[in-house]
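Note sheet for the following structure.
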Amino acid sequence: MSDLVRILNVFCLLSLLAVGGGSAVLPEMERETVADHKWVTGEQFATIYSLGQMAPGPNMSMVALIGWQAAGTAGLLVALVAFYLPSSFLTYGASYVWDHFRGNPWRTAVQAGMAPVTIGLMLAGVHAVGKTAWINPEHSLRFNTTATLIGLAVTGILFAKRINPALLMLIGGAVGWFLLRGN
Amino acid sequence: MNSAPSPREIFLAFARIGVTSFGGGLVAYLRDVLVTDKKWMDEEEFLGALEIGQTLPGLNSVNVAIIAGRKLAGPAGAIAAATGLILPGVILLLILGVLYQRFRHNPDVAAALAGVAAAAVGLLLQVTLKIGAKQFLNPRDLAFIVLTFVLVVFFRASLPAVLFLVAPFAIILCRPRKTTPSP
Numbered sequence: 013m014s015d016l017v018r019i020l021n022v023f024c025l026l027s028l029l030a031v032g033g034g035s036a037v038l039p040e041m042e043r044e045t046v047a048d049h050k051w052v053t054g055e056q057f058a059t060i061y062s063l064g065q066m067a068p069g070p071n072m073s074m075v076a077l078i079g080w081q082a083a084g085t086a087g088l089l090v091a092l093v094a095f096y097l098p099s100s101f102l103t104y105g106a107s108y109v110w111d112h113f114r115g116n117p118w119r120t121a122v123q124a125g126m127a128p129v130t131i132g133l134m135l136a137g138v139h140a141v142g143k144t145a146w147i148n149p150e151h152s153l154r155f156n157t158t159a160t161l162i163g164l165a166v167t168g169i170l171f172a173k174r175i176n177p178a179l180l181m182l183i184g185g186a187v188g189w190f191l192l193r194g195n
Numbered sequence: 450m451n452s453a454p455s456p457r458e459i460f461l462a463f464a465r466i467g468v469t470s471f472g473g474g475l476v477a478y479l480r481d482v483l484v485t486d487k488k489w490m491d492e493e494e495f496l497g498a499l500e501i502g503q504t505l506p507g508l509n510s511v512n513v514a515i516i517a518g519r520k521l522a523g524p525a526g527a528i529a530a531a532t533g534l535i536l537p538g539v540i541l542l543l544i545l546g547v548l549y550q551r552f553r554h555n556p557d558v559a560a561a562l563a564g565v566a567a568a569a570v571g572l573l574l575q576v577t578l579k580i581g582a583k584q585f586l587n588p589r590d591l592a593f594i595v596l597t598f599v600l601v602v603f604f605r606a607s608l609p610a611v612l613f614l615v616a617p618f619a620i621i622l623c624r625p626r627k628t629t630p631s632p
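Here it is as structure tokens:
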């Protein structure tokens with residue numbers, strides 16, 4: 013029971029703090045769910061994150077799997093509702109009064125000022141998942157080097173070519189199966 | 450817009466995106482369905498909805514779904530749109546989660562998942578670098594990117610701390626100038 017309340021608290025807060033899209037809350041989500049509440053291990057978090065990126069739909073539906081790991085079906089439902097409902101309520105209400113703020117010069121200031129903070133948070137998100145997926149102290153140097161090279165190859169390919177990221181992640185899985193076994 | 454669509458039609462239209470949008474990029478899918486295909490919104494309305502969705506907390510795609518659904522059929526439309534967008538991915542994630550839970554200790558599966566996770570980090574890095582291209586090249590923005598990253602990663606600053614302490618400074622520095630004529 014108390015776990016459900018904690019899931020509700022954590023994901024409601026993340027919902028209302030998810031500025032600039034979902035990826036900016038990754039570092040906070042990783043800390044809350046792995047280090048603070050220990051609902052998932054670092055490795056599970058990285059895997060759940062990558063499954064969420066592969067699945068269709070909004071990329072933060074991964075919260076469902078974290079809730080599920082923490083407290084079963086009830087945890088899944090609470091995490092989903094807590095993560096999507098508060099921000100949706102806010103948007104629903106704000107869309108009525110939005111035109112009032114149209115052309116307000118402060119809106120541009122908020123957007124311009126928030127942009128680098130969001131980028132910094134996303135970079136911290138790369139670190140939050142990368143410290144397990146790329147540079148995991150529990151893995152061998154060879155494993156980590158291979159994993160990092162797979163990831164950097166994906167970064168490079170996406171800059172060079174328009175290609176569906178889900179396909180690249182499947183290829184990453186195939187390469188991982190081939191090169192990372194028994195390491 | 451001729452006749453207002455029913456919540457059921459709205460649900461089905463958004464569920465189509467929810468099923469097919471492997472690999473992300475949901476805003477482009479939303480635009481295709483809402484503006485081009487169904488003609489439920491014109492280009493300007495869509496951009497207006499996107500602007501609200503990007504400024505407010507929450508995922509851009511879900512926020513746009515809430516605004517579009519509300520405009521088409523009120524609260525029922527907003528609920529239909531958001532659940533249509535989210536539900537298919539969650540069902541697939543749940544299936545993947547059950548499989549993961551069952552097979553994660555199998556060395557072949559573990560190696561493949563490590564490859565997928567490594568690729569997902571590469572994807573997030575690419576998205577961050579792409580979205581932030583302008584900010585990385587601007588010294589003041591770069592300072593805020595580095596400050597945010599260092600605070601979160603090395604000083605374990607919480608997301609609320611960053612948003613309430615760093616973001617206001619960034620916004621103040623971008624504040625509207627009286628001398629700038631408004632367009």
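Protein chains in written order, with our numbering: chain A, 13 to 195; chain B, 450 to 632.
Even for Gly, the Cβ is constructed at its ideal location relative to N, Cα and C.
- Counting only the Cα atoms, Leu614 (chain B) lies some 12 Å from Phe593 (chain B).
- Proximity to Leu534 (chain B) across B:Ile516, B:Leu542, B:Ala477 and B:Val468 peaks at B:Val468, based on C-alpha coordinates.
- Between the alpha carbons of Ala91 (chain A) and Ile78 (chain A) lies a distance of about 8 Å.
- Per DSSP, Trp146 (chain A) lies in no alpha helix (DSSP H) and is assigned neither H nor E.
- Tyr61 (chain A) and Thr144 (chain A) have their C-alpha atoms roughly 11 Å apart.
- With a threshold of 8 Å between beta carbons, His139 (chain A) makes contact with chain B.
- When only Cα atoms are considered, Val539 (chain B) and Phe155 (chain A) end up about 31 Å apart.
- It is roughly 8 Å from the alpha-carbon of Phe463 (chain B) to the alpha-carbon of Ala514 (chain B).
- Contact annotation, Ala529 (chain B) with Ala517 (chain B): C-beta distance approximately 10 Å; criterion of less than 8 Å not satisfied.
- Residues of the stretch 103-122 of chain A whose Cβ lies closer than 8 Å to any Cβ of chain B, in chain order: Thr103, Tyr104, Ala106, Ser107, Trp110, Gly115, Pro117, Trp118, Arg119, Thr120, Ala121 and Val122.
- Counting only the Cα atoms, Thr157 (chain A) lies some 27 Å from Gly473 (chain B).
- Contact between the stretch 179-191 of chain A and the stretch 544-561 of chain B is present, with at least three C-beta pairs closer than 8 Å.
- Three or more beta-carbon pairs drawn from the stretch 96-116 of chain A and the stretch 482-501 of chain B are found closer than 8 Å, and the two stretches are therefore classed as touching.
- Around the C-beta of Leu179 (chain A), fewer than 16 other C-beta atoms lie within 10 Å, and the residue is accordingly described as exposed.
- Considered as a whole, the stretch 46-111 of chain A harbours 54-66 as its complete alpha helix (DSSP H) runs of no fewer than 4 residues, in chain order.
- Residue nearest to Phe190 (chain A) within the set A:Asn176, A:Thr167 and A:Ala159 is A:Ala159 (criterion: CA-CA distance).
- Below the 8 Å Cβ cutoff, chain B contributes Pro556, Asp557 and Ala560 as neighbours of Arg193 (chain A), in chain order.
- For the stretch 484-507 of chain B, the set of positions with a beta-carbon nearer than 9 Å to some beta-carbon of chain A reads Gly497, Ala498, Glu500, Ile501, Gly502, Gln503, Thr504, Leu505, Pro506 and Gly507 in chain order.
- In this model, Met126 (chain A) and Ile620 (chain B) are separated by some 7 Å (Cα to Cα).
- From the listed residues B:Pro456, B:Leu608 and B:Phe618, the smallest Cα separation to Asp590 (chain B) is found for B:Phe618.
- Ranked by Cα distance from Thr59 (chain A), the options A:Ile169, A:Val93, A:Glu42 and A:Asp15 are led by A:Glu42.
- Rounded to the nearest angstrom, the gap between the Cα atoms of Val576 (chain B) and Asn512 (chain B) is 20 Å.
- Distance between Leu541 (chain B) and Trp80 (chain A), taken at the CA atoms: about 14 Å.
- Under the Cβ criterion of 8 Å, Ile162 (chain A) is counted among the residues facing chain B.
- Counted as a single uninterrupted DSSP element, the stretch harbouring Leu612 (chain B) is not any alpha helix (DSSP H), since DSSP gives it neither H nor E.
- At a cut-off of 8 Å, the C-beta of Ala172 (chain A) has no neighbouring C-beta in chain B.
- Burial is judged here by how many other beta carbons sit within 10 angstroms of a residue's own beta carbon; Arg519 (chain B) has at least 16 and is buried.
- At a C-beta separation below 7 Å, Phe598 (chain B) has these neighbours in chain A: Gly132, Leu135 and Ala136.
- Classified as exposed, Ser14 (chain A) has fewer than 16 neighbouring CB atoms from the shown chains inside 10 Å of its CB.
- Here the C-alpha atom of Leu608 (chain B) lies approximately 8 Å from the C-alpha atom of Pro39 (chain A).
- Within the stretch 527-614 of chain B, the runs of alpha helix (DSSP H) at least 4 residues long that lie entirely inside it are, in chain order, 556-580, 582-585 and 588-602.
- Ranked by Cα distance from Phe585 (chain B), the options A:Leu135, A:His151, A:Trp146 and A:Leu153 are led by A:Leu135.
- A Cβ-Cβ distance of about 6 Å is found for the pair Leu102 (chain A) and Pro506 (chain B), placing them in contact under the 8 Å criterion.
- Straight-line measurement puts the Cα of Ala477 (chain B) at about 15 Å from the Cα of Glu493 (chain B).
- Val22 (chain A) and Phe95 (chain A) have their alpha carbons spaced roughly 9 Å apart.
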